[in-house]
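Just so we're aligned, residue 1 is where the sequence shown starts under the working numbering, counting upward by one.
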Amino acid sequence: MENGFERQQSRNCRIGVFFFVCLISNFLICSIMLGTGQSQAVDVLVLGGGPAGLSAGMHLADAHIPSVVLTGPEPGGLLTHAAKVENWPGILAESGIAIMQRLIEQVQAHGAQLVYDSAVRLDLTQRPFVIETADSGIFTANALIIALGSSPRKLNIPGEATYWGKGVSSCALCDAFAYVDREVVVVGGGDSAVDQAIHLADYARKVTVFVRSKDMRAKPVRIRELLKKVTIVYNKQMLEVIGNGQQVTGIKIKDRHSGVEEIFPTDGVFLAIGHEPNTWLIKDAITLSHDGHILADFETMQTNIPGVFAAGDIVAGSYRQVPVAVGDAIKAAGKAIDFIRYQDAA
């Protein structure tokens with residue numbers, strides 16, 4: 001029977017091979033396009049390779065709308081960090097990586113054009129919009145769907161950047177196999193922290209969860225499940241990541257009641273403290289909420305710029321669940337199609 005390490009290695013190998021094949025195919029397509037020295041014009045361009053972006057791309061392909069999905073070099077979004085997904089319709093429980101692999105295959109089967117590259121500059125001052133990519137040249141589009149999602153929030157404390165990837169991580173599913181029979185800590189108090197801690201408990205010798213407040217925000221049933229496997233410590237603030245220059249050896253924490261500081265030895269630190277919207281590319285062009293999310297009309301998913309739509313976790317007020325992101329993306333795609341057809345008829 002496979003142990004946790006073997007299962008993780010097998011899973012990582014399968015997804016790695018799949019994405020490698022995708023990247024090679026993308027490289028050949030982009031090389032041909034760049035060789036012409038011309039930009040590629042499409043009706044609709046989708047930014048983002050998570051569930052929202054891919055779903056929008058599939059809907060556009062089904063409607064035979066000339067379109068491209070810029071997925072980024074590693075499509076999948078935050079869903080690939082999920083060890084177990086239980087709210088995807090029609091599936092009792094499945095890993096996020098497996099779901100995304102099937103979704104990518106499905107989107108490609110529907111004829112969507114996926115480009116495994118990222119946008120580095122946008123010009124939204126006039127139509128057609130101009131999208132410059134890192135390695136695939138320039139695209140122009142009459143409508144744009146932004147589904148760039150969010151990224152794990154960081155603490156921005158001493159040692160965090162130094163030891164990122166050397167013991168500091170935000171993805172237990174990605175890195176748990178490196179901590180077999182070792183000691184790790186999880187920082188956070190929500191459902192994400194619970195998920196990461198439970199997953200790590202299948203690998204690590206000891207898992208300790210540090211919560212900044214006096215209680216956890218996670219669902220009570222999940223907390224009860226967590227208590228069977230790990231230790232939870234409340235009212236602790238993480239101040240610094242400690243290491244030997246090569247890898248993490250501990251963290252400095254402070255008791256928020258007494259103010260006492262101490263060094264807690266550990267081999268790994270997993271952060272689960274929320275997410276930040278990936279709006280750096282469009283923050284000066286599109287109206288954002290006070291916390292940096294895109295303001296969009298929930299009936300049309302259109303932003304303050306006509307022809308620019310948004311979907312998924314990047315949207316202000318979005319209920320951050322995968323099925324909701326998919327639904328909003330399909331709505332955005334439908335409205336983008338209406339926009340294109342109306343403009344063509346005008």
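Glycine included, every Cβ here is placed at the ideal spot set by N, Cα and C.
Checklist entry - Helix or strand or just coil, what does DSSP make of residue 348? => result Given that the chain is displayed from residue 1 to residue 346, the structure contains no residue 348 and the question cannot be resolved.
Checklist entry - Whole beta strand (DSSP E) runs in the stretch 126–163 with 3 or more residues, listed along the chain? => result 129–133, 138–146 and 150–152
Checklist entry - Are there 16 or more other CB atoms within 10 angstroms of the CB of residue 313, so buried, or fewer, so exposed? => result buried
Item to check | Collapsed DSSP secondary structure at residue 59 in the structure displayed | outcome: Helix, per DSSP.
Checklist entry - What does DSSP give as the partner residues of residue 265 in its beta bridges? => result 250
Checklist entry - DSSP three-state call for residue 231: helix, strand or coil? => result strand
Checklist entry - Taking all protein chains shown into account, do 16 or more other C-beta atoms lie within 10 angstroms of the C-beta of residue 88, making it buried, or fewer, making it exposed? => result buried
Item to check | Cβ pair count under 8 Å reaching 3, the stretch 218–236 against the stretch 289–298 | outcome: no
Item to check | Beta-bridge pairing of residue 271 - partner residues as DSSP gives them | outcome: 187
Next on the checklist: I'd like the list of long-range same chain contacts for residue 103, defined as Cβ closer than 7 Å, with 5 residues on each side in sequence excluded.
Outcome noted: 51 and 54
Next on the checklist: By the three-class DSSP mapping on this structure, what secondary structure does residue 67 have?
Outcome noted: Here residue 67 sits in strand by DSSP.
Next on the checklist: Suppose the cutoff is 7 Å on Cβ atoms and the five residues either side in sequence are ignored; what does the same chain contact list for residue 311 look like?
Outcome noted: 52, 56, 145, 147, 301, 325, 328, 329 and 332
Item to check | Of the residues 204, 241 and 257, the one placed nearest residue 231, counting alpha carbons only | outcome: 204
Checklist entry - When the Cα of residue 352 is compared with those of 151, 129, 75 and 107, which residue comes out closest? => result Any property of residue 352 remains undetermined from this structure, which presents the chain solely from 1 to 346.
Checklist entry - With distances taken from CA atoms, which of 271, 206 and 227 is nearest residue 237? => result Residue 271 is the option with its Cα nearest to residue 237.
Item to check | Buried or exposed by the 16-neighbour rule on C-beta atoms within 10 Å, applied to residue 293 | outcome: buried
Next on the checklist: Within a Cβ cutoff of 8 Å, which residues of the same chain sit near residue 85, ignoring the five residues on either side of it in sequence?
Outcome noted: If we look at residue 85 and ignore the five residues flanking it on each side, its Cβ neighbours are 79, 91, 93, 94, 95, 96, 99 and 322.
Item to check | Short CB-CB distance (under 7 Å) between residue 120 and chain D | outcome: Any reference to chain D falls outside this structure, which holds one protein chain only.
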